Amino acid sequence: MSRSNISMMDLPDEMILAIWNKLSKIDVLYSFVGVHQRFDRLVLDKTYTQSIELINSNAKHKHSMIISILDHFYSYILPQIHKFVESLTLESISMERVLSVGTYHHLRKLTIIKIDQEFALCHFTDESPFSEIFKKQITHLTVSIIDVEPTSSLIDLTTHIFARIFSLFKNLTVLDFGSTGRRRHYSRLKISDPSLMICFSPNIVHLRIGVDTFDECLCLLDGRLNYLRRFVVRISKIYASKLTIDNRVLTNLKSFSLTSYIETREYDSQVVVLLRRMVFLEELTLRLNVCDRLTFVDATQLNNEILIHMPRLQTLTFNIITFIKTFNGTNRKTINNIQYTFYNGKNHQLVYYIDFYARGKAQSHIYSIPYVLNDLNNISSNFPGGLFSCVRDISLIDIEFPFEHDFFLKISRCFPLLTHLFVLNIVSQKHKRTSQLNTTDQISPIVEFPHLTSLRISQGCIDYMEQFLIDTNTHLPHLVELNIHYEHLLIVTENFTRDATQNLNITNNLKSQSVSNMYFYHPKPQDDEI
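Encoded structure:
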């Protein structure tokens with residue numbers, strides 16, 4: 001048999017399934033159901049159709065093609081597979097149509113994307129036609145709120161939706177609430193008010209949630225969730241608690257993740273005290289910004305104040321920044337060294353470095369390696385480097401030392417899969433590259449961010465607008481979203497006439513504009529499936 005004559009029908013079942021597993025399940029079902037009995041036997045088998053995801057993740061095919069595929073999927077394919085589906089991911093706008101197709105007797109896991117108040121009022125009630133599925137079948141639920149800027153009214157809305165979920169989904173053991181939003185816009189709850197009277201499901205063993213204050217976190221650990229084993233929480237603000245705290249040991253909690261991006265003065269009085277209650281913890285993740293301590297959070301502090309109280313800890317992942325207004329240390333040289341945490345009977349390597357600023361201010365960075373978190377914040381010009389293959393989102397911030405071209409080269413190599421970047425620096429570059437390269441410029445190559453889709457440059461030095469928008473400095477082939485000071489943008493682009501600003505294609509899809517900032521969106525290239 002010649003190679004050119006081999007068709008898919010000639011391949012063994014195992015190879016066909018291996019090929020299909022690398023493709024979108026919607027595409028496979030759409031393309032192969034009804035083509036041949038052999039394909040139907042494979043693709044309609046319950047092992048292949050247990051988990052279905054009906055999400056339009058490709059905005060450029062938003063209309064005709066996707067709508068046609070989904071219409072065919074709803075009317076022809078779902079009626080044949082609904083009885084096998086155990087896990088379903090869909091957008092709120094399509095839920096009613098999808099769930100109306102069949103009985104879904106085996107459905108246990110449900111993910112609903114982009115819900116709003118109208119959706120919650122309509123469907124998270126006893127009167128919903130799907131209430132029996134919600135009440136009796138769903139054990140794993142993931143919901144995300146429409147991604148908008150958090151306000152007090154939005155916090156009230158998310159809290160209301162949260163309460164409705166617990167009143168309706170009686171058999172929940174796993175709840176992921178609102179964690180799919182962007183870092184700045186994740187859904188926040190405010191549940192410490194006793195007047196809310198939320199009836200929590202006692203069966204919850206895994207909870208992922210975003211809350212407004214540290215009090216909400218403490219409420220969720222006050223015994224109302226007796227069987228909670230894994231708790232992942234993002235907290236907007238860590239203030240001194242207003243609650244009367246019961247410092248009982250959290251005997252069932254095995255995994256805890258705490259993230260808070262806003263600086264807190266209450267690291268020792270709140271966070272450390274809470275962590276000491278987790279004596280049976282096996283997995284700990286911390287992302288914190290600490291301020292107003294007399295000393296930096298370092299390996300010694302972690303070992304002596306926290307880890308010594310966790311004899312069963314197996315995994316520690318963290319990134320902690322400490323800012324001190326008045327540093328009294330005698331050694332004012334930059335500290336950049338390797339330290340170790342001790343747990344599970346072993347030493348574990350970490351990175352620790354300090355930035356010293358004028359008037360006695362200083363900032364320390366300490367994080368575990370290998371680094372497996374998806375973001376890294378407040379990176380300064382003193383950043384020691386390394387390979388961060390898991391990181392997708394970073395912020396570069398320095399107020400006293402410039403970011404030179406070579407620094408951005410290092411960043412691009414350290415973060416090869418970076419998609420979101422924030423830059424803040426008010427200090428001019430000392431070694432600017434020009435659009436007309438000379439011999440010296442050519443020594444340093446162009447900075448490449450091949451996967452970057454979102455760039456935000458804060459109001460600061462115009463050099464950094466030129467660094468990213470001039471194509472002889474930086475190449476951004478997949479940039480979709482740009483947030484930049486509009487007047488600076490006019491200067492750099494010479495009122496949008498400068499040929500060298502090829503990184504900025506702003507002729508399509510202007511999204512919004514204000515006096516100080518402008519967002520631009522333009523379509524990704526056709527080869528952007530990354």
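Residues in the sequence shown are numbered consecutively from 1, following UniProt numbering. Cβ atoms here follow ideal geometry from the backbone N, Cα and C, with glycine treated the same way. It should be emphasised that the depicted structure is a prediction, and the values quoted were computed from it without experimental measurement.
> Quick one, which of F415, I245, H140 and T295 has its alpha-carbon nearest F177's?
Replying inline: Position 177 of the sequence shown, counted from the start, is the residue given in the question as residue 177. Minimum Cα distance to F177 is reached at H140.
> So, using beta-carbon positions, are E263 and C291 closer together than 7 Å?
Replying inline: Numbered from 1 along the sequence shown, position 263 holds the residue referred to as residue 263. Numbered from 1 along the sequence shown, position 291 holds the residue referred to as residue 291. Yes, Cβ-Cβ distance for E263 and C291 is below 7 Å.
>> Does the structure place the region 295–314 close enough to the region 267–282 that three or more beta carbon pairs sit under 8 Å?
In response: Output reads yes: the region 295–314 touches the region 267–282.
> Is it right to say Q459 is buried, meaning 16 or more other beta carbons lie within 10 angstroms of its own, or is it exposed?
Replying inline: Here residue 459 refers to the residue found at position 459 when the sequence shown is read from its first residue. So Q459 counts as exposed.
>> Assuming L288 and I320 are in contact, meaning their beta carbons sit under 8 Å apart, how far apart are those beta carbons, in whole angstroms?
In response: Stepping through the sequence shown from its first residue, residue 288 is reached at position 288. Stepping through the sequence shown from its first residue, residue 320 is reached at position 320. The beta carbons of L288 and I320 sit about 5 Å from each other, so the pair counts as a contact at 8 Å.
> Residue range of the alpha helix (DSSP H) that Q467 falls in?
Replying inline: Stepping through the sequence shown from its first residue, residue 467 is reached at position 467. D463 to L469 is the span of the alpha helix (DSSP H), which, as asked, contains Q467.
> Which first and last residues belong to the alpha helix (DSSP H) in which S201 is found?
Replying inline: Along the sequence shown, read from residue 1 onward, the residue named residue 201 stands at position 201. Counted as a single uninterrupted DSSP element, the stretch harbouring S201 is not any alpha helix (DSSP H), since DSSP gives it neither H nor E.
>> If you measure between the beta carbons of S255 and I238, is that distance less than 7 Å?
In response: What you label residue 255 is simply residue 255 of the sequence shown in a count that begins at 1. What you label residue 238 is simply residue 238 of the sequence shown in a count that begins at 1. In this structure, S255 lies away from I238, with their beta-carbon atoms at least 7 Å apart.
> Which of helix, strand or coil does DSSP assign to T158?
Replying inline: The sequence position of residue 158 within the sequence shown is 158, counting from 1. Helix, per DSSP.
> Under a three-way DSSP split, which group does A240 fall into?
Replying inline: Along the sequence shown, read from residue 1 onward, the residue named residue 240 stands at position 240. Of the three classes helix, strand and coil, the one that applies to A240 here is coil, per DSSP.
>> Does G181 come out as helix, strand or coil in the three-state DSSP assignment?
In response: On the sequence shown, position 181 is the one that residue 181 refers to. Here the model assigns G181 a pLDDT of 49, short of 50, so the residue's position is not dependable and the matter cannot be decided.
>> Could you give the first and the last residue of the continuous alpha helix (DSSP H) run that contains A120?
In response: One-based indexing of the sequence shown puts residue 120 at position 120. Q117 to H123 is the span of the alpha helix (DSSP H), which, as asked, contains A120.
> Per DSSP, what kind of secondary structure is C291 in: helix, strand or coil?
Replying inline: Within the sequence shown, numbered from 1, the residue matching residue 291 stands at position 291. C291 falls in the strand class under three-state DSSP.
> On the three-state DSSP scale, how would you describe N377?
Replying inline: Taking the sequence shown and counting its residues from 1, the one referred to as residue 377 is at position 377. DSSP places N377 in strand when its eight states are reduced to three.
> What is the DSSP secondary structure of V480, reduced to helix, strand or coil?
Replying inline: Looking up residue 480 in the sequence shown gives position 480. Note: V480 maps to coil in three-state DSSP.
> According to DSSP, what are the bridge partners of S428?
Replying inline: In the sequence shown, counting from the first residue as 1, residue 428 sits at position 428. Per DSSP, none; premise fails for S428.
> At what residues does the beta strand (DSSP E) containing T315 begin and finish?
Replying inline: On the sequence shown, position 315 is the one that residue 315 refers to. For T315, the enclosing beta strand (DSSP E) has its first and last residue at T315 to I324.
> Does the beta-carbon of F119 have 16 or more other beta-carbons within 10 angstroms, so that it is buried, or is it exposed?
Replying inline: Taking the sequence shown and counting its residues from 1, one reaches residue 119 at position 119. Looking at its Cβ environment, which holds 16 or more other Cβ atoms inside 10 Å, F119 is buried.
>> Buried or exposed for C461, going by 16 or more other Cβ atoms inside 10 Å?
In response: Here residue 461 refers to the residue found at position 461 of the sequence shown. With 16 or more other Cβ atoms within 10 Å, it is buried.
> Is the region 157–176 touching the region 110–128, taking contact as three or more C-beta pairs under 8 Å?
Replying inline: Proximity of the region 157–176 to the region 110–128 meets the contact definition, three or more beta-carbon pairs being nearer than 8 Å.
> Under a three-way DSSP split, which group does T493 fall into?
Replying inline: In the sequence shown, the residue the question calls residue 493 occupies position 493. Reduced to three states, the DSSP call for T493 is coil.
> DSSP beta-bridge partners for E210?
Replying inline: Walking along the sequence shown from the start, residue 210 turns up at place 210. First, the amino acid is wrong: residue 210 is Gly here, not Glu. DSSP lists R234 as partners of G210.
>> I need the straight-line Cα distance from L44 to Y464, nearest angstrom please.
In response: The sequence position of residue 44 within the sequence shown is 44, counting from 1. The sequence position of residue 464 within the sequence shown is 464, counting from 1. Rounded to whole angstroms, the gap between the alpha carbons of L44 and Y464 is 53 Å.
> When you compare only the Cα positions, how much space is there between E466 and T472?
Replying inline: Locating residue 466 in the sequence shown gives position 466, where the first residue counts as 1. Locating residue 472 in the sequence shown gives position 472, where the first residue counts as 1. The alpha-carbon atoms of E466 and T472 are separated by roughly 10 Å.
>> I need the straight-line Cα distance from S128 to M95, nearest angstrom please.
In response: The sequence position of residue 128 within the sequence shown is 128, counting from 1. The sequence position of residue 95 within the sequence shown is 95, counting from 1. S128 and M95 have their C-alpha atoms spaced approximately 12 Å apart.
>> Just to confirm before moving on: does the CB-CB distance between R224 and V205 stay below 7 Å?
In response: Start at 1 with the first residue of the sequence shown, and residue 224 comes out as number 224. Start at 1 with the first residue of the sequence shown, and residue 205 comes out as number 205. Contact: no.
>> With DSSP as the reference, identify every bridge partner of E53, one or two as the case may be.
In response: For the purposes of this step, residue 53 is taken as residue 53 along the sequence shown, with counting starting at 1. T89.
> In this structure, what does DSSP give as the bridge partners for R456?
Replying inline: Translated into the one-based positions of the sequence shown, residue 456 becomes position 456. In the DSSP secondary-structure assignment, R456 is bridged to F422 and N483.
>> Could you compute how far the alpha carbon of E448 sits from the alpha carbon of A362?
In response: Numbered from 1 along the sequence shown, position 448 holds the residue referred to as residue 448. Numbered from 1 along the sequence shown, position 362 holds the residue referred to as residue 362. About 31 Å.
>> Does S389 come out as helix, strand or coil in the three-state DSSP assignment?
In response: Within the sequence shown, residue 389 is the residue found at index 389, counting from 1. S389 falls in the coil class under three-state DSSP.
> To which residues of the same chain is I138 closer than 8 Å at the C-beta, ignoring the five residues directly before and after it?
Replying inline: Stepping through the sequence shown from its first residue, residue 138 is reached at position 138. Same-chain partners within the cutoff: L107, R108, K109, L110, F169, N171 and L172.
>> So, with DSSP's three-state summary, where would you put S395?
In response: Residue numbering aside, residue 395 sits at position 395 when the sequence shown is read from its first letter. In the three-state scheme derived from DSSP, where H, G and I count as helix and E and B as strand, S395 is classed as strand.
> D116 to T300, Cα distance in whole Å?
Replying inline: Taking the sequence shown and counting its residues from 1, the one referred to as residue 116 is at position 116. Taking the sequence shown and counting its residues from 1, the one referred to as residue 300 is at position 300. Distance between the alpha carbons of D116 and T300 is about 46 Å.
> Looking at the structure shown, is Y76 part of a helix, part of a strand, or coil, going by DSSP?
Replying inline: If you number the sequence shown from 1, residue 76 lands on position 76. Secondary structure at Y76: helix, using DSSP grouped into helix, strand and coil.
> Which residues does DSSP pair with A362 in a beta bridge?
Replying inline: Within the sequence shown, the letter at position 362 stands for residue 362. When beta bridges are read from the DSSP output, A362 appears opposite I324 and F356.
>> Can you look up K22 in the DSSP assignment and give me helix, strand or coil?
In response: Taking the sequence shown and counting its residues from 1, the one referred to as residue 22 is at position 22. In the displayed model, K22 falls within coil according to three-state DSSP, outside both helix and strand.
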